[in-house]
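Undergrad: Numbering (UniProt numbering), first residue to last: 13 to 349.
Take a look at the following structure, please.
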Amino acid sequence: RCARTRARTWPARLRRDSHRQYSGASQLGLAGILNVRPEVAHAVATNQPVVALESTIYTHGALGPLLLEDTVRQHGAVPAVCGILAGVPTVGLTPAEVDRMVHEGARKASRRDIAYVVGMGLAGQRIHAGTTIAGTMILARLAGIHVFGTGGLGGVHRGGHDSLDISADLTELGRTRVAVISSGCKGFLDIPRTLEFLETQGVLASTFADGRQGNVDFPAFWARDSGTKSPFVVQDERDAAAIIFAQEQLGVESGLLFANPIPQEHAISREDMDAAIGTAVREADEKGFSGAANTPYILKRIRELTDGRSAPANVALVQSNVARAAKVAVELSKLLD
Ligand code: PSU
Ligand code: MN
């Protein structure tokens with residue numbers, strides 16, 4: 013009786029397999045629990061370029077509606093928006109589905125949250141969750157996707173050596189082989205400590221130089237420079253693809269970070285950002301926005317404190333990263349063929 017009650021509340025796709033549920037928990041299998049959309053699955057199986065995209069930037073982001081999928085397609089790759097839709101981890105969400113998540117409300121899912129949201133879905137409480145960079149990396153890896161384009165990586169928060177608020181994005185890069193293309197990490201973080209932590213985690217942190225010689229800074233999201241030198245430098249998408257290919261062939265199971273500085277014409281100077289960041293970080297502290305609520309709160313406050321100037325910069329940098337990710341995926345697919 014219990015089995016029947018539950019089966020009715022499961023998504024149709026899972027219901028099909030539900031009769032097997034009570035003969036052994038593992039029998040549902042990955043294919044029964046992870047929904048990889050056919051276009052994505054086919055592209056992965058035939059080594060065509062695919063770019064994973066996160067859903068937290070939509071559900072908890074300062075971005076508003078923005079079709080990153082179009083940007084990926086324009087550059088010759090298949091987009092795969094990752095997230096948890098009504099309890100089902102999905103790779104290749106449609107814009108309408110993302111819209112639904114935004115309007116019906118969604119949690120923010122990093123590594124720790126995934127089993128909870130999916131498990132509760134199996135138990136009948138089907139909620140949505142936008143996946144963070146960490147969460148998206150896990151779904152992308154399970155689906156066989158190598159490249160992921162996004163905005164800014166999480167990191168060691170200011171004072172994080174005391175509070176231990178260190179984004180799970182960093183440990184995920186340490187353990188999950190997906191290449192992340194971002195504008196470095198968000199400028200309100202402690203960038204030197206973030207780079208130290210990535211080194212400890214065994215993560216290659218490199219920055220696209222695009223012909224620049226000499227010292228290249230690791231970028232700070234809205235600003236091209238952070239005052240901290242990038243540990244590694246790559247010139248272009250072909251370099252990045254070769255490194256990803258090497259990591260695959262070696263079978264080393266850590267992620268790779270390729271930082272793409274915000275396009276010059278959209279960059280905000282470090283001096284201008286510093287004041288807004290200082291205020292936003294202090295307020296988050298005073299008002300108790302800690303843990304997972306910290307990053308969304310700070311991003312929202314910075315947008316307000318810069319009179320909205322940070323928002324178009326944010327859009328420009330994400331679009332540039334996603335275009336770059338598509339080009340990397342195209343180069344990688346030539347090597348994989
Ligand atoms: N962009 C936004 N809002 C966010 C994030 C990005 O506009 O919340 C997310 C990213 O998904 C990133 C996450 O992975 O913030 C890091 O959050 P935390 O510091 O809690 O790990
Ligand atoms: Mn955190």
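Each residue gets a CB set at the ideal place from its N, CA and C atoms; glycine is no exception.
#1: Mind checking which residues open and close the beta strand (DSSP E) that includes residue 189?
#2: Can you find a heavy atom of the ligand PSU that lies under 7 Å from the Cβ of residue 322?
#3: Going by the beta-carbon positions, is the gap between residue 147 and residue 122 smaller than 8 Å?
#4: Note down, one range per segment and in chain order, each alpha helix (DSSP H) of at least 4 residues found wholly within the region 276–324.
#5: My parser needs the beta strand (DSSP E) runs of 3 or more residues fully inside the region 141–196; what are they?
#6: Whose CA, out of 143, 343, 349, 49, lies closest to the CA of residue 254?
#7: Would you give the residue range spanned by the alpha helix (DSSP H) that residue 131 belongs to?
#8: In or out: residue 2 buried (at least 16 other Cβ within 10 Å) or exposed?
#9: What residue range is occupied by the uninterrupted alpha helix (DSSP H) comprising residue 200?
#10: What's the C-alpha gap between residue 158 and residue 55?
#11: For residue 125 and residue 166, I'd like the C-alpha separation in whole angstroms.
#12: Could you check whether the Cβ of residue 66 sits closer than 7 Å to any heavy atom belonging to the ligand PSU?
#13: Less than 7 Å between C-beta atoms, sequence neighbours within five positions excluded: which residues of the same chain meet that for residue 292?
#14: Is residue 180 near the ligand PSU, going by C-beta to nearest heavy atom under 7 Å?
#15: How many whole angstroms separate the CB atoms of residue 161 and residue 333, which I take to be in contact at a CB cut-off of 8 Å?
#16: Return the first residue and the last residue of the alpha helix (DSSP H) that residue 71 is part of.
#17: For residue 119, which three-state DSSP category applies?
#18: Which same chain residues, not among the five before or five after residue 85, have their C-beta less than 7 Å away from its C-beta?
#19: Tell me whether residue 78 sits in a helix, a strand or coil according to DSSP, three-state version.
#20: Would you mind giving the Cβ-Cβ distance between residue 270 and residue 245, rounded to the nearest angstrom? I have them listed as a contact below 8 Å.
#21: Taking all protein chains shown into account, do 16 or more other C-beta atoms lie within 10 angstroms of the C-beta of residue 299, making it buried, or fewer, making it exposed?
#22: Whose CA, out of 321, 129, 120, 80, lies closest to the CA of residue 235?
#23: Considering only the alpha carbon of each residue, which of 155, 101, 113, 114 lies closest to residue 129?
#24: Looking at the ligand PSU, does it come within less than 7 Å of residue 145, judged from the CB to the closest heavy atom?
#25: Buried or exposed for residue 346, going by 16 or more other Cβ atoms inside 10 Å?
#26: Does residue 233 come out as helix, strand or coil in the three-state DSSP assignment?
#27: Tell me which residues share the same chain as residue 51 and place their Cβ nearer than 7 Å to its Cβ, disregarding the 5 neighbours each side in the sequence.
#28: Does the separation of the CB atoms of residue 230 and residue 186 fall below 8 Å?
#29: Sorted by chain position, which residues of the same chain lie with C-beta nearer than 8 Å to residue 349's C-beta, five sequence neighbours on each side aside?
#30: Taking 7 Å as the cut-off, does the CB of residue 177 come closer than this to any heavy atom belonging to the ligand ATP?
#31: Is residue 226 helix, strand or coil by DSSP?
#32: Could you give the C-beta distance for residue 65 and residue 80, rounded to a whole number, given that I count them as a contact under 8 Å?
#33: For a test of the three-state rule: what should DSSP assign to residue 206, helix, strand or coil?
TA: In this structure, then:
#1: For the purposes of this step, residue 189 is taken as residue 177 along the sequence shown, with counting starting at 1. Looking at the DSSP string, residue 189 is not in any beta strand (DSSP E), and its letter there is neither H nor E.
#2: The residue you call residue 322 lines up with position 310 of the sequence shown. No, the ligand PSU has no heavy atom inside 7 Å of this Cβ.
#3: On the sequence shown, position 135 is the one that residue 147 refers to. On the sequence shown, position 110 is the one that residue 122 refers to. Yes. Within cutoff.
#4: 282–299, 306–317
#5: 141–143, 159–161, 191–194
#6: Taking the sequence shown and counting its residues from 1, one reaches residue 254 at position 242. For residue 254, the closest alpha carbon among the candidates 143, 343, 349, 49 is that of 343.
#7: Position 119 of the sequence shown, counting from 1, holds the residue named residue 131. From DSSP, the alpha helix (DSSP H) with residue 131 extends over 123–134.
#8: Given that the chain is displayed from residue 13 to residue 349, the structure contains no residue 2 and the question cannot be resolved.
#9: Numbered from 1 along the sequence shown, position 188 holds the residue referred to as residue 200. Counting along the chain, residue 200 falls outside any alpha helix (DSSP H), and DSSP gives it neither H nor E.
#10: Within the sequence shown, residue 158 is the residue found at index 146, counting from 1. Within the sequence shown, residue 55 is the residue found at index 43, counting from 1. Their Cα atoms are separated by approximately 12 Å.
#11: Indexing the sequence shown from 1 puts residue 125 at position 113. Indexing the sequence shown from 1 puts residue 166 at position 154. Between residue 125 and residue 166, the C-alpha separation is close to 16 Å.
#12: Translated into the one-based positions of the sequence shown, residue 66 becomes position 54. Result yes, Cβ under 7 Å from the ligand PSU.
#13: Working through the sequence shown from its first residue, we reach residue 292 at position 280. Excluding sequence neighbours, residue 292 sits near 200, 310, 313, 314, 317.
#14: The residue labelled residue 180 in the question sits at position 168 within the sequence shown. Because some heavy atom of the ligand PSU lies under 7 Å away, the Cβ of residue 180 counts as near it: yes.
#15: Here residue 161 refers to the residue found at position 149 when the sequence shown is read from its first residue. Here residue 333 refers to the residue found at position 321 when the sequence shown is read from its first residue. About 5 Å; that satisfies the 8 Å criterion.
#16: Here residue 71 corresponds to residue number 59 of the sequence shown, with the count starting at 1. Run containing residue 71: 68–71, per the alpha helix (DSSP H) assignment.
#17: Working through the sequence shown from its first residue, we reach residue 119 at position 107. For residue 119, the secondary structure class from DSSP, reduced to helix, strand or coil, is strand.
#18: By 1-based counting over the sequence shown, the position of residue 85 is 73. Cβ neighbours of residue 85 beyond the five flanking positions: 91.
#19: Mapped onto the sequence shown, residue 78 falls at position 66. Looking at residue 78 - three-state DSSP - the assignment turns out to be coil, as it is neither helix nor strand.
#20: Within the sequence shown, numbered from 1, the residue matching residue 270 stands at position 258. Within the sequence shown, numbered from 1, the residue matching residue 245 stands at position 233. In fact, because the Cβ distance is near 10 Å, the residues do not count as touching under 8 Å.
#21: Here residue 299 corresponds to residue number 287 of the sequence shown, with the count starting at 1. Exposed, since its Cβ has fewer than 16 Cβ neighbours within 10 Å.
#22: Start at 1 with the first residue of the sequence shown, and residue 235 comes out as number 223. Out of 321, 129, 120, 80, 321 has the C-alpha closest to the C-alpha of residue 235.
#23: Along the sequence shown, one-based indexing puts residue 129 at 117. Measuring from the Cα of residue 129, the nearest candidate turns out to be 101.
#24: By one-based count along the sequence shown, residue 145 stands at place 133. Checking every heavy atom of the ligand PSU against the Cβ of residue 145, one is found closer than 7 Å.
#25: Here residue 346 corresponds to residue number 334 of the sequence shown, with the count starting at 1. Exposed, since its Cβ has fewer than 16 Cβ neighbours within 10 Å.
#26: Translated into positions along the sequence shown, residue 233 becomes position 221. Coil, per DSSP.
#27: Here residue 51 refers to the residue found at position 39 when the sequence shown is read from its first residue. Result list for residue 51: 90, 104, in chain order.
#28: In the sequence shown, counting from the first residue as 1, residue 230 sits at position 218. In the sequence shown, counting from the first residue as 1, residue 186 sits at position 174. Taking 8 Å as the Cβ cut-off, residue 230 and residue 186 do not qualify as a contacting pair.
#29: Within the sequence shown, numbered from 1, the residue matching residue 349 stands at position 337. Counting only Cβ-Cβ distances below 8 Å, and skipping sequence neighbours, we find 59.
#30: Because the ligand ATP does not appear in the structure shown, any question about it cannot be addressed here, the ligands present being the ligand PSU and the ligand MN.
#31: Along the sequence shown, one-based indexing puts residue 226 at 214. Looking at residue 226 - three-state DSSP - the assignment turns out to be coil, as it is neither helix nor strand.
#32: Taking the first residue of the sequence shown as 1, we reach residue 65 at position 53. Taking the first residue of the sequence shown as 1, we reach residue 80 at position 68. Your pair residue 65 and residue 80 checks out as a contact, with CB atoms roughly 5 Å apart and the cut at 8 Å.
#33: Taking the first residue of the sequence shown as 1, we reach residue 206 at position 194. Helix, per DSSP.
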